[in-house]
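This report concerns only the one structure given below.
Right, dumping it as structure tokens:
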């Protein structure tokens with residue numbers, strides 16, 4: 001039988017206590033958890049700068065200053081020059097051949113200053129006459145151009161059939177899998193899962209779609225194909241790290257606004273390129289559409305097929321939006337665009353109120369509500385107008401793709417019960433037509 005462990009004395013306990021930094025982190029509302037430096041109550045990052053004067057006699061080498069690249073941390077003043085060469089916040093991408101600052105952001109337009117000003121518009125401040133006239137304009141454009149043109153294309157992929165049948169998955173997981181399954185099903189239907197192809201996922205996030213695509217390519221022994229993930233952030237728990245064939249997957253950290261796709265050395269390894277995304281928020285879609293178009297010397301697109309699930313239209317911007325020429329033809333300028341993207345949010349939130357406020361209103365439906373005579377729309381009307389605004393923005397993107405030599409269409413790729421953002425842009429290069437060289441939307 002083991003002998004009983006002897007209790008530590010008070011002195012021994014004191015010696016073994018690891019003191020943590022005393023700095024209070026306002027943003028996190030707690031103390032720093034880093035170990036304090038020996039002989040100090042602060043860690044290296046939070047050690048206060050020395051208070052120096054002519055008579056202090058303190059060592060200047062102990063003074064710490066804020067890092068100019070990232071003021072969230074400090075560095076010894078005498079080591080600042082060296083620190084700037086190794087700081088994680090430094091711009092490491094400027095020397096990469098495929099990073100060109102703002103190459104896909106769109107040219108500066110004459111009314112860009114006005115567009116920034118109009119972004120601050122609040123719908124309740126729009127005069128009633130303008131408000132209702134704009135709604136009428138949207139309804140007319142939708143009925144004339146878009147109504148009944150978007151058809152359903154629900155194509156579940158066989159590779160995800162087993163996972164979708166698992167009863168231990170939560171609703172959110174199954175919803176994400178349903179979207180991935182449908183997108184892969186569309187690729188399969190259009191014969192895009194093939195050998196010698198680069199698949200570029202824009203705004204890849206944690207890479208769930210790329211994971212399932214790469215796994216399917218590997219299991220079917222597609223030779224020479226690869227999956228490239230593009231995202232501006234470095235995330236934890238990336239799904240693509242679990243792909244069995246790691247040589248098939250490459251992750252690129254880049255802002256889509258700065259990505260020169262044709263300069264990616266990986267794309268030179270394959271004969272074809274497919275661009276895809278499972279939800280690109282707002283202007284990221286427009287940045288991507290530019291990215292796949294205007295990055296080669298001869299003006300020809302390096303991308304053969306495009307599959308982008310569209311979402312977050314309220315985050316679009318006038319400068320980056322590729323469908324500006326189309327909207328101009330419809331009589332929509334920067335001010336109307338700002339109203340348009342705000343109304344687009346009605347499609348997914350109805351009233352624009354918080355979830356708690358909406359619930360309280362629903363519980364009080366039986367009570368008499370005060371009459372409001374301005375901009376009075378039912379939740380159903382707001383949702384309908386919001387959807388029409390979204391589709392009008394997508395229609396402008398569709399026209400842009402067609403002007404660039406693509407056969408393009410909009411499809412409902414999953415039911416609304418799966419996600420309210422259930423429209424996908426499908427485009428395939430039309431080799432029988434000469435690509436239009438007009439700088440549409442740039």
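Numbering (UniProt numbering), first residue to last: 1 to 442.
Each residue gets a CB set at the ideal place from its N, CA and C atoms; glycine is no exception.
Note on residue 278: 16 or more other CB atoms within 10 angstroms of its CB, so buried under the neighbour-count rule. Partner residues in the beta bridge of residue 425, as assigned by DSSP, are 308 and 410.
Check the Cα spacing between residue 77 and each of 171, 45 and 25: the tightest is with 45.
For the pair of segments examined, the stretch 383-397 was found not to touch the stretch 251-258: the number of CB pairs separated by less than 8 Å stays below three. Listed in chain order, the non-local C-beta contacts of residue 36 below 8 Å within the same chain comprise 19, 20, 21, 22, 42 and 43, local neighbours out to five positions each way being set aside. Contact between residue 375 and residue 128 holds, with the beta-carbon distance rounding to 7 Å and staying under 8 Å. The three-state secondary structure of residue 253, taken from DSSP, is strand.
Take the alpha-carbon of residue 281 and the one of residue 132: they are about 28 Å apart. According to the DSSP assignment, residue 226 belongs to no alpha helix (DSSP H) but to the beta strand (DSSP E) extending over 226-231. Note that the stretch 413-430 touches the stretch 305-318; at least 3 beta-carbon pairs, one per stretch, sit closer than 8 Å. With a threshold of 16 other beta carbon atoms within 10 Å, residue 233 falls short and is exposed.
The DSSP-derived three-state label of residue 117 is helix. In the DSSP secondary-structure assignment, residue 278 is bridged to 309. Between the C-alpha atoms of residue 345 and residue 122 there is a straight-line separation of about 13 Å. In this structure, DSSP gives residue 317 a state outside helix and strand, which the three-state scheme calls coil.
With 16 or more neighbouring CB atoms inside 10 Å of its own CB, residue 243 falls in the buried class. By alpha-carbon distance to residue 418, the top candidate from 174, 379, 314 and 389 is 174. For residue 181, the enclosing alpha helix (DSSP H) stretches over residues 171-189. In the three-state reduction of the DSSP assignment, residue 42 falls in the coil class, being assigned neither a helical nor a strand state.
For the pair residue 25 and residue 68, the Cα-to-Cα distance works out to about 20 Å. Secondary structure at residue 35: strand, using DSSP grouped into helix, strand and coil. Rounded to the nearest whole angstrom, the CA to CA distance from residue 148 to residue 411 is 11 Å. In the three-state DSSP reduction, residue 287 falls in the helix class (H, G or I).
Between the alpha carbons of residue 187 and residue 71 lies a distance of about 46 Å. Residue 74 and residue 87 have their alpha carbons spaced roughly 11 Å apart.
DSSP lists 412 as the bridge partner or partners of residue 152.
Note that the C-beta distance between residue 103 and residue 260 is below 7 Å. For residue 64, the enclosing beta strand (DSSP E) has its first and last residue at 64-66. Contact annotation: the stretch 320-332 touches the stretch 398-405, with at least three C-beta pairs closer than 8 Å. Secondary structure note for residue 199: its beta strand (DSSP E) is the uninterrupted segment 197-202.
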